[in-house]
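Asker: One structure is given below, represented as structure tokens, and several questions about it will come after.
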Amino acid sequence: MNQLEVFKALANESRLQILFWLKEPKRYFTHQEPVDMVEVGVCVGQIQLKLGVTQSTASQYLSVLQKADLVIATRIGKWTYYRRNEKTIAELAKLVETKL
1 MNQLEVFKAL ANESRLQILF WLKEPKRYFT HQEPVDMVEV GVCVGQIQLK
51 LGVTQSTASQ YLSVLQKADL VIATRIGKWT YYRRNEKTIA ELAKLVETKL
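Using UniProt numbering, read the sequence shown as starting at 1 and increasing by one per residue.
Structure representation (structure tokens):
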């Protein structure tokens with residue numbers, strides 16, 4: 001885990017909101033076919049709509065989260081789906097608990 005990249009990624013309200021929503025995707029996003037939101041992720045289009053931003057802005061936010069390894073992207077056809085990287089989030093929690 002690159003600590004600097006993680007903390008930079010978390011220093012934005014919209015990126016924090018995305019991580020919050022992706023923790024319980026079925027609660028915050030409408031059902032999408034044919035993929036499972038928990039196992040595969042949420043389509044970037046749904047994240048964009050929920051944020052109320054352009055597609056390019058949503059993609060930029062997700063790119064920063066992906067660079068920090070906080071989300072995992074899965075491409076299926078022409079769509080990209082995002083889910084939280086629970087391993088990195090657990091490492092971050094451990095870091096905060098033991099070092100900060």
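Even glycine gets a Cβ: it sits at the ideal position worked out from N, Cα and C.
1. Quick one: does K94 have its CB under 8 Å from some CB of chain C?
2. Report yes or no: do the segment 73-92 and the segment 33-51 share at least 3 C-beta pairs separated by less than 8 Å?
3. I need the DSSP call for V53, collapsed to helix, strand or coil.
4. Among R75, G77 and D69, which residue has its Cα nearest to the Cα of A90?
5. Going by other Cβ atoms of all chains shown within 10 Å of its Cβ, with 16 needed for buried, is V96 buried or exposed?
6. Let me know the secondary structure DSSP gives T98 once reduced to three states.
7. Smallest Cα separation from P34: which of L22, Y28, L92 and I76?
8. For the alpha helix (DSSP H) holding A73, just list the boundary residues, first then last.
Answerer: Reading it off the structure:
1. Reference to chain C is not applicable here, since this structure consists of a single protein chain.
2. yes
3. coil
4. D69
5. exposed
6. helix
7. I76
8. Run containing A73: none in the alpha helix (DSSP H); it sits in the beta strand (DSSP E), V71 to I76.
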